[in-house]
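**Q**
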Amino acid sequence: MKNTDLSKKQSNTLTEARINEELRALESTWSDKPGIIGWLSTTDHKRVGFRMVFTAFCFFTFGGILAGLMRLQLSLPGNNFLGPDMYNQIFTTHGSTMMFLFAVPVMEGMGIYFVPLMIGTRTLAFPRLNILGYYTYLFGGLLLFFGLLLNIGPDAGWFAYVPLSGPEYGIGKRVDLWSQMVSLTEISALIASTNIIVTVMKLRAPGMSLNRIPLFVWSEVITAVMVIFAMPAVMIASSLLSMDRLTNVSTHFFNQAEGGDPIMWQHLFWFFGHPEVYIIFIPATGMVSMIITTFSRRKTFGYTALVLTMVATAFIGFGVWVHHMFVTPLPQLGQSIFTASSMLIVVPNGVQIFCWLATLWLGRWNLKTPLIFILGFFGVFVMGGLTGVMLASLPLDTQLHDTYFVVAHFHYVLIGGAVFPLFGAVYYWFPKFCGRLLNEAAGIAHCILFFIGFELVFFPMHILGLIGMPRRVYTYLPETGWGDLNMLASIGAAVMVVATLIFFINAVYSWFWGKVAAANPWGADTLEWSLPSPIPQYAFQYQPVVQGRHALWEQTADSPVVTGLHINNREVVSTSIHDAVPDHRYGVQGPSIMPFVVSVITGAMFIGFMFTPWSLPLGMIALFFGFLGWFWSNSVEHRPPYAPLEDNPVYDDPADYKPVEAAV
Amino acid sequence: MTRVSSQLKAASLLASACVFFFSCGHGNQSAVEPTGLQAEHLSFLWWIFLAITAAVYVVVMVILVAAFFRTQRAAAGDEADLSPDPSREKRASSVVKAAVAVTVLTMFALMLVSFRTGRALDTLSQAQTPLEIKVTGQQWWWQIEYKDPTPSNMVTTANEIHIPIGRPIKLELVSHDVIHSFWAPNFHGKKDLIPNYPTTLFFRADEPGVYWGQCAEFCGFEHAKMRFMVVAEPQEDFERWYAASQQPAPEPVTDSQKFGRDIFLKSVCTQCHTIQGTPANGRVGPNLTHVGGKPYIASGSLPNDRENLAKWITDPQAIKPGIRMPMNTYSPEELNALVDYIQSLK
Amino acid sequence: MTNEDFIGRKTLDVSELPSTMFDDQANLWWGNNWGLAIETTVFGILVALYFSVRMSISQWLPPRTTPGLPVLQNPLPDLTFPTIVLVIFLISLGPAIYLDLSARRKDIFGIKVGLVLTLAFNIVLLVCRYYEFDTLHFKWNDNAYGSVTWTILGMHMIHLFVMAAEDFYIILWAFIKGVDDKHRLDITVAAVYWYWIVATWVLLYLLVFWGPKIL
Amino acid sequence: MSDERRDLELEKPESELLLWAGFLLPPLAWSISLETLYLFSDYGCTYESFLPNHIVSVAFLVLSLIGLAVAWSNWQKSGATWPDDSSGSIPRSRFMSALGLLTGALFSILIFAQWLPTLLGVPCGK
């Protein structure tokens with residue numbers, strides 16, 4: 125179809141009768157099935173995204189409790205509260221939880237929830253895969269905590285260096301739990317990423333050309349591309365490790381006696397592990413850009429530069445992994461190359477900071493909780509970035525590596541760079557979840573206490589690292605003189621706990637009794653704010669035609685809307701990659717229980733692989749039938765024919781399209 | 008809010024600076040109180056980085072605080088600024104461009120300083136003949152072997168490295184089980200000991216004293232209690248210590264000590280421990296030939312006195328859970344004699 | 003926005019747009035290609051692992067050390083059979099391309115013939131793969147070289163299985179329910195998958211069977 | 041807001057392949073140069089010959105600069121003004137070529153920076 129035809133089509137106008145008629149049809153077409161089966165089988169990206177965010181916050185709480193236990197143990201020298209066994213399980217689970225089960229999924233969850241809304245569509249490209257991804261993530265997470273509760277939690281660190289995690293030194297099934305958890309959550313991440321990329325490429329509302337995509341959407345796409353190239357490394361590494369460990373398989377990938385190489389594990393792990401940091405951080409920068417734009421009441425300063433910085437960070441993020449291995453016996457020359465890239469990654473991040481500062485400088489502030497969290501983000505993250513520069517220096521890193529200085533550094537980066545913006549984003553988007561605002565006063569208290577607590581916990585750790593305290597020690601001697609600063613840090617942890625409690629109480633209270641929010645309480649610019657809160661399942665009654673980079677700010681009362689989509693099955697407009705010109709109508713599948721079934725089989729297969737390699741063929745046979753059921757019910761369902769109104773033409777050429785019956 | 012947070016920030020910076028310099032008072036395990044050539048280079052590098060990054064941090068915070076005071080306030084309902092004043096935008100964009108240029112230049116400067124330091128650290132390895140010591144990381148203690156052309160003159164000890172000041176030391180770092188990392192911050196940065204990857208570390212001590220180091224790579228249960236002591240002393244003191252360490256263990260003198268030796272030699276202890284001059288020649292655990300003269304046992308985690316020694320012998324799992332040394336049951340008299348004997352091994 | 007906001011709005015009517023598009027205009031095509039990007043990364047990493055093993059082994063090929071048997075020197079993988087299999091792989095591109103084109107032409111007979119032929123080739127190749135493992139003269143647990151070689155072959159074999167399952171499913175649908183637009187798209191996307199399987203195999207074949215000779 | 045902004049009708053776009061080339065060539069050149077340089081550093085330290093390092097650095101620096109040049113020519117063709125958010129394929133091409141200019145500059149600097157250790161004679165010592 126030629127573009128010219130489209131502009132001719134714009135002449136029609138909508139009548140009230142048609143609007144009401146179509147609304148009724150949309151409501152029934154896009155609704156979930158009833159009951160528990162309906163709950164399990166939903167393909168609504170908003171429900172799945174919210175579940176993902178909610179689950180991730182649950183894991184955040186568990187991970188936080190574990191952190192609190194560690195701080196209790198370390199508050200006094202020679203403390204006997206946790207033994208080394210428990211402490212090692214706890215710090216491993218804390219790290220793995222926060223990285224694999226909180227930070228990445230929560231950012232994906234926000235993406236799953238908001239990306240389709242921001243680009244003006246009703247669904248992700250592959251809605252059934254989406255729910256499959258959620259379940260595999262959930263099973264992976266439960267597996268890890270199941271292990272910890274039974275006192276067989278993994279205890280080789282979240283990085284699981286061989287040989288400590290190998291068959292010889294990693295006893296029992298502890299490390300296997302870790303590696304299967306990793307595989308399951310990475311499957312979930314890969315699924316979500318593919319989904320988000322295709323959605324943003326092909327389902328953007330007409331008119332949203334590449335230079336108009338909201339920055340949060342850019343950040344999610346760029347992150348998703350990073351996931352696609354980073355996560356396979358850790359999936360392979362953990363699968364190979366579990367094959368090494370499985371007694372009747374006993375491969376030798378990391379067994380140095382048989383030609384394996386323990387350093388290869390570090391390469392594989394950090395080839396994933398460093399991009400992982402940016403996989404967490406880049407979506408957060410998207411959130412920062414959104415919040416700063418909305419709350420400084422002006423267009424974003426340096427949009428092109430901000431997109432560039434995310435792309436550049438994504439690339440360079442893959443070229444710095446060896447700085448985690450600066451103290452391994454590799455040649456200094458080769459390592460120095462990574463000093464260069466690790467230092468220059470500061471440049472894109474600096475550009476970002478400068479653009480945000482310029483937006484703030486030139487704007488008029490609407491100083492609400494989300495923006496206050498962003499100010500906290502500046503205070504914390506910039507320092508984390510600067511200590512990162514220190515760690516990038518090969519000689520200096522030999523002193524700082526694996527000490528509490530590094531612990532301080534990456535908590536500044538991850539809590540500062542991701543959790544502060546995330547909290548800001550939750551305060552920002554909460555009205556979209558439930559139609560009510562979070563309490564402002566409690567929000568400010570939360571932010572200030574969290575900030576103070578954070579600085580109390582982590583600032584002293586810089587010093588602890590410099591005066592010799594290594595990471596991952598379950599205790600230390602009184603003679604070391606580390607006691608005071610550790611006590612200070614533990615007190616700070618208590619403050620952080622109080623701050624987080626305020627947040628949870630605020631969230632629960634506001635969910636039910638908070639101030640009712642208008643559709644766009646902050647006067648924001650992206651399309652999700654044009655929707656009523658909470659958002660109906662079909663999201664957009666009519667998909668918009670986007671008029672500019674700040675869609676709502678630049679929308680006029682007469683901007684056209686998309687019509688002519690099927691409303692008796694789930695259909696959205698699919699547009700071209702570069703300029704978002706409509707090219708076809710894309711029908712997606714409705715809810716199905718099969719993704720749940722398939723994820724149960726997948727979970728069982730991976731858990732079985734801890735014990736026997738036969739779980740692989742058996743699981744694949746089961747998966748075959750699972751997917752058969754899935755695909756069989758995959759074809760676009762035709763509901764009872766919807767009688768078209770006069771100005772709503774019939775779409776299907778019966779000769780062209782063979783209708784099929786809804787199965788399963 | 009910003010004002011509050013920035014004041015807090017300043018206060019916390021000040022407070023932590025105080026704590027920092029206070030903590031530096033007893034820095035015998037500190038990266039910023041170097042007592043060797045290499046650590047001095049590294050510490051110098053650290054202060055350069057700290058100065059520059061702190062300046063950057065202050066500038067960013069000042070801009071943020073200034074923006075807070077300077078900008079107008081708005082409400083959610085206020086119309087957003089879609090076509091801002093071009094001249095202001097242009098000025099801001101020049102400032103941003105300048106800031107980016109400065110960032111790039113700063114990074115290059117820091118890179119050059121780093122590379123220079125890297126080269127400086129490497130020069131010592133070509134200097135005069137070093138003292139060669141082989142350090143083997145084990146779960147969870149350090150075996151120290153002083154290389155000597157005559158094998159019988161080799162000194163083997165554990166968790167305690169004596170070095171002469173002013174002379175380059177070459178450590179050969181080896182591990183046969185899991186990955187450990189050797190770190191004595193007052194002398195040099197750390198180095199990983201990876202199975203199959205033997206490596207070396209050069210450093211030099213410039214001031215006499217007792218310094219501490221610790222395993223820095225997570226290596227299992229007792230990673231926290233895998234410490235070692237570095238005694239830097241004048242050449243003559245070192246030679247005296249070295250000569251004494253080459254001697255076999257002193258013969259027991261008192262009856263109790265003799266009884267203790269008999270207990271030791273009849274027990275499972277000999278399967279893991281060596282005492283030179285006796286039939287005990289196990290290689291699994293630390294060499295005990297001169298253990299009585301050491302200030303610490305259990306890899307630097309327990310002061311070496313009668314009470315601790317007794318506790319350690321009877322129930323090491325209570326002190327370092329997970330280690331390979333089993334519990335031992337002795338009557339009080341036997342234990343007393345055993346401790347007497349071990350304490351006599353000076 | 004409420005209902006009132008839409009009254010009298012101009013519309014962009016997309017009703018005349020098709021509901022299925024091929025290639026880079028199709029969501030499924032992109033989804034499949036990003037999936038293949040993941041799998042390509044997987045193979046890339048495995049290949050890197052192979053070279054890393056090569057570099058950390060001083061005696062190439064590493065001697066086979068099955069317990070209880072004398073050390074077997076230079077157990078080179080056979081070349082003849084895998085090369086024949088490679089040729090079968092390349093021949094199988096024919097039916098795949100025919101199927102791809104038939105799907106685009108809406109040639110129902112061609113689609114059905116193409117589907118059956120590709121599935122037949124797929125199954126033949128699966129059987130061949132089973133015997134290819136024998137030609138290695140190595141077990142996965144002999145040493146790191148054996149581990150990485152078996153894993154590469156095994157990973158590729160999993161793709162053969164997946165492709166066979168996909169083919170089987172489309173055949174079922176095509177013969178029971180007929181061929182609709184959506185499944186025509188599915189077929190072209192499945193064809194891309196098969197092209198990818200063959201292309202990766204050409205490279206992996208070179209690595210696995212020639213690598214031991216020339217590296 | 042002008043009328044043509046709302047219009048979805050598009051002019052004939054720049055060659056999309058060239059736009060993507062200008063945008064992605066510099067980062068790709070950098071990625072490959074990094075891996076090769078790292079491998080060759082190992083080799084160079086074993087055989088004490090650093091010529092390969094220099095060749096790789098220069099070659100990929102040139103490749104990255106070619107990307108920059110492509111982006112520059114795209115930018116010139118699409119009007120040589122800084123991109124805004126107006127509709128149509130020309131502003132969008134401008135946006136993509138501007139991204140290409142930025143990646144070209146950044147990644148060329150990066151490749152140069154990674155050449156520095158070899159240029160300055162950072163030692164091999166493990």
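Residue numbers (the numbering used here), protein chains in the order written: chain A, 125 to 788; chain B, 8 to 353; chain C, 3 to 217; chain D, 41 to 166. Using N, Cα and C, we set each Cβ at its ideal position, and we do this for glycine too. As the structure is a computational prediction, the values presented were derived from the model and not from experiment.
1) Please identify, using Cβ separations under 8 angstroms, the residues of the region 656-680 of chain A that lie next to chain C, in order along the chain.
2) As an exercise, report each continuous beta strand (DSSP E) stretch of at least 3 residues that is fully enclosed by the region 78-149 of chain B, in chain order.
3) Which ranges would you report for the alpha helix (DSSP H) in the region 179-246 of chain B if only whole runs of at least 4 residues count?
4) Quick check: what's the CA-CA separation for residue 142/B versus residue 118/B?
5) Please state the DSSP three-state secondary structure of residue 640/A.
6) Alpha carbon to alpha carbon, what distance is there between residue 201/A and residue 308/B?
7) Less than 8 angstroms between the beta carbons of residue 719/A and residue 314/A, yes or no?
8) Take residue 151/A as the anchor and find which of 528/A, 701/A, 738/A and 690/A has the nearest alpha-carbon.
9) Chain B beta carbons: is any one of them nearer than 8 angstroms to that of residue 380/A?
10) Taking the beta strand (DSSP E) that residue 287/B belongs to, which residues open and close that run?
11) Is the Cβ of residue 144/B closer than 8 angstroms to any Cβ of chain D?
12) With the cut-off set at 8 angstroms, would you say residue 293/A and residue 227/B are in Cβ contact?
13) Is the beta carbon of residue 392/A closer than 8 angstroms to that of residue 416/A?
14) Given a limit of 9 angstroms on CB to CB distance, which residues of the region 262-284 of chain B reach chain D?
15) Is the CB of residue 96/D under 8 angstroms away from at least one CB in chain A?
16) 8 angstroms is my cut-off, CB to CB: does residue 452/A come that close to chain B?
17) In the DSSP assignment, the beta strand (DSSP E) including residue 709/A goes from what residue to what residue?
18) If distances are taken between C-alpha atoms only, which option among 646/A, 419/A and 239/A comes closest to residue 554/A?
19) If you check the beta carbons only, do residue 341/B and residue 270/B fall under 8 angstroms apart?
20) With a threshold of 8 angstroms between beta carbons, is residue 204/B in contact with chain A?
21) At a CB-CB cut-off below 8 angstroms, which residues of chain A make contact with residue 67/B?
22) Count the other CB atoms within 10 Å of the CB of residue 138/A; is the residue buried (16 or more) or exposed (fewer)?
23) Identify each residue in the region 72-104 of chain B for which the Cβ-Cβ distance to at least one residue of chain D is less than 8 angstroms, and report them in chain order.
24) Beta carbons nearer than 8 angstroms to chain D: which residues of the region 694-709 of chain A have them?
25) Give the straight-line distance between the Cα atoms of residue 490/A and residue 67/B, rounded to the nearest whole angstrom.
26) I'd like to know whether the C-beta atoms of residue 83/C and residue 133/C end up nearer to each other than 8 angstroms.
27) For the region 495-505 of chain A against the region 461-472 of chain A, are there 3 or more C-beta pairs whose distance is under 8 angstroms?
28) Tell me, please, whether the CB atom of residue 282/A is closer than 8 angstroms to any CB atom in chain B?
29) Rounded to whole angstroms, what's the CA-CA distance from residue 82/B to residue 190/A? Just pull it up for me.
30) Would you call the region 208-225 of chain B in contact with the region 569-586 of chain A, where contact means no fewer than 3 C-beta pairs closer than 8 angstroms?
31) Closest Cβ-Cβ distance between residue 172/B and chain A: below 8 angstroms?
32) What does the alpha-carbon distance come out to for the pair residue 567/A and residue 637/A?
33) Which partner residues does residue 167/B have in the DSSP bridge list?
34) Kindly indicate which three-state DSSP category residue 177/B falls into: helix, strand or coil?
35) If residue 298/A and residue 277/A are in contact, beta carbons under 8 angstroms, what's the gap, nearest whole angstrom?
36) How would you list, in chain order, the residues of chain B whose beta-carbon sits under 8 angstroms from the beta-carbon of residue 464/A?
**A** So, from the data block:
1) 656, 665, 666 and 669
2) 138-145
3) none
4) 32 angstroms
5) strand
6) 12 angstroms
7) no
8) 690/A
9) yes
10) Segment: none, residue 287/B is in no beta strand (DSSP E) and carries neither H nor E.
11) no
12) yes
13) no
14) none
15) no
16) yes
17) 706-711
18) 646/A
19) yes
20) yes
21) 477, 481, 502 and 506
22) buried
23) none
24) 702, 703 and 705
25) 21 angstroms
26) yes
27) no
28) no
29) 41 angstroms
30) no
31) no
32) 15 angstroms
33) 236/B
34) strand
35) 7 angstroms
36) 118
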